[in-house]
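Student: For the sequence shown, the residue numbers in the working numbering are 456 to 672.
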Amino acid sequence: MKRMNKMVSHLGGFSSGSSLGGKVSRYKKKQHIYTQGAPADTLFYIQEGAVWLTTRTKHQPSAVTAILGVNDFFGELCLAGYPLRMSTAVALTTSSIRTIKKEKMFQMLRKKNKASNSLVAYLLSSVKNYRDHVAELLTSSAEQRLARVLLRLAHLNKRGPAVVETPVPSQQVLAEMVGTTRPRVNLFMNRFKKQGFINYDRGLEVHQSLRNVLRNR
456 MKRMNKMVSH
466 LGGFSSGSSL
476 GGKVSRYKKK
486 QHIYTQGAPA
496 DTLFYIQEGA
506 VWLTTRTKHQ
516 PSAVTAILGV
526 NDFFGELCLA
536 GYPLRMSTAV
546 ALTTSSIRTI
556 KKEKMFQMLR
566 KKNKASNSLV
576 AYLLSSVKNY
586 RDHVAELLTS
596 SAEQRLARVL
606 LRLAHLNKRG
616 PAVVETPVPS
626 QQVLAEMVGT
636 TRPRVNLFMN
646 RFKKQGFINY
656 DRGLEVHQSL
666 RNVLRNR
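1) Considering just the uninterrupted stretch of the beta strand (DSSP E) at Leu523, what are its terminal residues?
2) Take Val575 as the anchor and find which of Leu564, Lys583 and Asn584 has the nearest alpha-carbon.
3) Have a look at His514, Arg637, Gln491 and Val604 and flag the residue whose alpha-carbon is nearest the alpha-carbon of Ile653.
4) With Glu631 and Val545 assumed to form a contact (beta carbons below 8 Å), what rounded beta-carbon distance in angstroms separates them?
5) Look at the alpha carbon of Asp656 and the alpha carbon of Lys649, and state the distance between them as a whole number of angstroms.
6) Have a look at Asn526 and Gly472 and give me their C-alpha separation to the nearest angstrom.
7) Which complete beta strand (DSSP E) runs does the stretch 474 to 501 hold, if anything under 3 residues is left out?
8) With burial defined as no fewer than 16 other Cβ atoms inside 10 Å of the residue's Cβ, what is the status of Met462: buried or exposed?
9) In terms of residues, what are the limits of the alpha helix (DSSP H) holding Ala602?
10) Have a look at Lys556 and Met541 and give me their C-alpha separation to the nearest angstrom.
11) Nearest to Gly658 by alpha carbon, out of Gly504, Val623 and Asn667?
12) Just to confirm my understanding: we take His487, look at its own chain, exclude 5 residues before and 5 after, and list those with CB closer than 6 Å. What are they?
13) Under DSSP, the alpha helix (DSSP H) around Val506 begins and ends at which residues?
14) Going by alpha carbons, who is nearest to Leu608 out of Leu508, Thr490 and Ala493?
15) Pull up the distance between the alpha-carbon of Lys583 and that of Gly634, whole angstroms please.
16) In terms of DSSP beta bridges, what is Phe561 paired with?
17) Examine chain D for any beta-carbon lying closer than 7 Å to the beta-carbon of Phe647, and answer yes or no.
18) If I follow the unbroken alpha helix (DSSP H) through Lys556, where does it start and stop?
19) How is Val623 classed by DSSP in three states: helix, strand or coil?
20) Find the nearest neighbour of Leu532 within the set Tyr577, Lys478 and Asp587, judged by alpha-carbon distance.
21) In terms of residues, what are the limits of the alpha helix (DSSP H) holding Leu642?
22) Between the C-alpha atoms of Phe499 and Lys566, what's the straight-line distance to the nearest angstrom?
23) From the DSSP secondary-structure annotation, give me the bridge partner or partners of Glu503.
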């Protein structure tokens, strides 16, 4: 099976990230990028690696709210006027992250060109993804929710290559994102592998065929 060395870009206007300006920083695995409650005056663009977002409410443990990969933005709520971070962002693996001042992004949005159109489309897609995630927690089985998380992490929720290699999140992180237990995630992952939907012998490979889980169950 052919291995893909680079995730497919789902945001063509920013495939390299250089047009966004800002500064690129390297983060080690499990390194915090920002914490919930910190001032929010920048947003971030993933050029390499992956990031997970967690949110904590009063008297409740933190919960994973998103797992993001290459070509994803995060911290974009600062564009909507939120003065503080609503989540904590942690590098899931060694990552290259571009930091962009929100003023720079506002300037880009005002230009109304290809880049600004791509950004608006992305932000609208992000809103839809968060809404869909909440709906999935209410209507889908844990197995289907896990399949969707893996497909989104590999950017295979839309058209793309047959196979994408993606960073390997821990099964505990996946369990928190899906809303189930780590043993159940282990059961589903082994089932997906047996059915040929994924492979994780040398890193995690996600196949388009994993979409069958969404149709057949």
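Backbone N, C-alpha and C define an ideal beta-carbon position, used for all residues, glycine too.
Tutor: Checking against the coordinates, here is how it stands:
1) Ala518 to Leu523
2) Leu564
3) Val604
4) That belief does not hold up - the Cβ atoms of Glu631 and Val545 are roughly 12 Å apart, past 8 Å.
5) 12 Å
6) 8 Å
7) 478 to 482 and 487 to 489
8) In this prediction, Met462 scores a pLDDT of 35, lower than 50, which makes its location untrustworthy; the coordinate-derived value is nonetheless stated afterwards. Looking at its Cβ environment, which holds 16 or more other Cβ atoms inside 10 Å, Met462 is buried.
9) Ala597 to Leu608
10) 17 Å
11) Val623
12) Val545
13) Val506 -> not in any alpha helix (DSSP H); beta strand (DSSP E) instead, spanning Val506 to Thr510.
14) Leu508
15) 19 Å
16) Looking at the DSSP assignment, Phe561 forms no beta bridge with any residue, so it has no partner.
17) The displayed structure is made up of one protein chain only, and chain D is not part of it.
18) No alpha helix (DSSP H) contains Lys556, which is instead part of the beta strand (DSSP E) from Ser550 to Lys556.
19) coil
20) Tyr577
21) Arg637 to Lys649
22) 20 Å
23) Ser551
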